[in-house]
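Notes for the one structure printed next.
Chains as they are written, first to last, in the numbering used here: chain A, 7 to 85; chain B, 102 to 272.
Structural data, given as structure tokens:
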């Protein structure tokens, strides 16, 4: 499972500890999640998505996320 | 209270926190990956057991000492290792890690018990071991199994995940 928790966390200016407190886990668990060493339960995935106010599929995916540079280039071409 | 006394008391407070005892009492101590101490414990205990089995008649104390040292090191693993105890609050990652590592540890102990029982019974049946020797070997083996139970779960948990860098943990 792939995720972009780190991207959303940076965008919202949250530290790992703050996100961990918001979803009631240990900060190390957020680290393992971001690194892809741990697949979260549905409950934890939903809690993380709720913190960022986005649907869960925007943060977690079974396929790799497109690189941000690629997305920006594609958006530039479309505009 | 003077500023100097205040600084001294603050320093004493920091010293106590540094020992880790307050965090341990509160159940909030930092869990660390212990990759090599369980290996050392298992190597010592296994070496001691091999010594006891291959030298049942003389110098058994050498093997026993090695097993006891391994057992003592293994007993420290649950305190400082990455696994949270059942009395401590654990999140879902830590619960899964504890479950998986304990399963590996218990499987190892069960396998060791199976091999040990058949080895002891076979050697006694072939009259290679007397009852007195078997009793002595079984005591050593009991300590060996306790060392396995202490060290293997920590070994599994410590090698199963890569440690996070210090700055990552502090974030």
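Cβ coordinates follow ideal geometry from the N, Cα and C atoms, glycine included.
How far does the alpha helix (DSSP H) with residue i in it extend, from its first residue to its last?
i, result
"residue 54/A", "48 to 58"
"residue 44/A", "Here residue 44/A belongs to no alpha helix (DSSP H), and DSSP marks it neither H nor E."
"residue 244/B", "232 to 261"
"residue 206/B", "193 to 226"
"residue 139/B", "138 to 155"
"residue 29/A", "22 to 29"
Please name the residue in the options whose C-alpha comes closest to that of residue i.
i, options, result
"residue 167/B", "251/B, 262/B, 266/B, 241/B", "241/B"
"residue 57/A", "71/A, 18/A, 67/A", "18/A"
"residue 176/B", "261/B, 213/B, 250/B, 266/B", "250/B"
"residue 248/B", "103/B, 171/B, 259/B, 107/B", "171/B"
"residue 140/B", "174/B, 219/B, 188/B, 214/B", "174/B"
Given residue i, which residues of its chain have a CB within under 7 Å of its CB, disregarding the five upstream and five downstream residues?
i, result
"residue 195/B", "185"
"residue 165/B", "149, 153, 241"
"residue 68/A", "7"
"residue 260/B", "136"
"residue 29/A", "50, 53, 54, 57"
State buried or exposed for residue i, treating a residue as buried only when at least 16 other CB atoms are found within 10 Å of its CB.
i, result
"residue 202/B", "buried"
"residue 255/B", "buried"
"residue 257/B", "buried"
"residue 37/A", "buried"
"residue 206/B", "buried"
"residue 244/B", "buried"
"residue 252/B", "buried"
"residue 226/B", "exposed"
"residue 199/B", "buried"
"residue 65/A", "buried"
Can you list, in chain order, the residues of its chain with a C-beta nearer than 8 Å to that of residue i? Leave out the 5 residues immediately preceding and following it.
i, result
"residue 230/B", "157, 221, 224, 238"
"residue 35/A", "26, 44"
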